[in-house]
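Heads up: the structure comes next, in structure tokens.
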Amino acid sequence: MSAVLQPDEARFEPLTAERLDAVLRIEQAVYPHPWTRGNFSDAMASGYLGQLLMAGDELLGYFVAMRGVDEVHLLNITVAPGYQRQGWARVMLDALAIWARGQGADWLWLEVRESNARAMGVYESHGYRRVGLRKNYYPADHGQREHAVVMSLRL
357 MSAVLQPDEA RFEPLTAERL DAVLRIEQAV YPHPWTRGNF SDAMASGYLG
407 QLLMAGDELL GYFVAMRGVD EVHLLNITVA PGYQRQGWAR VMLDALAIWA
457 RGQGADWLWL EVRESNARAM GVYESHGYRR VGLRKNYYPA DHGQREHAVV
507 MSLRL
């Protein structure tokens with residue numbers, strides 16, 4: 357299902373094991389090298405922040421972030437295919453920044469595939485800056501690896 361929703365129709369809920377099947381369906385639809393159930397389960401078991409962006413019973417997207425000393429690291433942010441290009445990634449980035457400030461963080465960090473210009477554009481328009489490169493960070497097709505662009509946002 358896909359529809360244009362208004363921000364006041366959306367809400368955040370914690371990522372739970374009961375919602376993992378829905379998260380994995382989106383993860384597998386969006387990424388050629390998706391996170392596994394184990395990746396999400398490990399993140400939850402480690403106490404990382406996992407948030408679902410919901411409208412009614414519809415899962416619009418989700419993010420997972422890890423708190424560190426004076427910083428928060430965004431590990432995964434995904435918008436369901438039918439809701440992309442509607443501003444929902446920005447809603448989640450705003451929610452993450454609010455939470456991170458509440459945790460006393462001074463910085464937000466993330467990595468993004470070097471080939472993912474669309475995502476880098478979203479992050480840059482949100483104030484993130486490119487600060488480095490992690491070589492051969494992500495798995496790629498045919499046993500290859502892809503570099504990650506490291507980005508940060510000063511809170």
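Oh and the sequence shown: position 1 is 357 in the numbering used here, straight run, nothing missing.
Ideal Cβ placement from N, Cα and C applies to all residues, glycine included.
{"Check": "Strand pairing of Arg-469, partner residues [DSSP]", "Outcome": "Ala-504"}
{"Check": "Chain-order list of residues whose beta-carbon lies under 6 Å from that of Leu-449 (same chain, five-residue window excluded)", "Outcome": "His-482"}
{"Check": "Straight-line gap, His-389 to Val-425 (C-alpha atoms, nearest Å)", "Outcome": "29 Å"}
{"Check": "Run of the alpha helix (DSSP H) containing Gln-384, from where it starts to where it stops", "Outcome": "376-386"}
{"Check": "Leu-405: CB within 7 Å of a non-hydrogen atom of the ligand FMN", "Outcome": "Judged by which ligands are present, the structure shown has none, so any question about the ligand FMN falls away."}
{"Check": "Check whether Met-374 and Thr-434 have beta carbons under 8 Å apart", "Outcome": "Here the sequence assigns Glu to residue 374, which means Met is not the residue at that position. The answer is no: Cβ separation not under 8 Å."}
{"Check": "Status (buried if at least 16 other CB within 10 Å, exposed otherwise) for Leu-489", "Outcome": "exposed"}
{"Check": "Helix, strand or coil at Pro-437 [DSSP, three-state]", "Outcome": "helix"}
{"Check": "Cβ neighbours of Ala-366 in the same chain (closer than 8 Å, five flanking residues each side left out)", "Outcome": "Leu-409, Met-410, Ala-411, Leu-416, Trp-444 and Val-447"}
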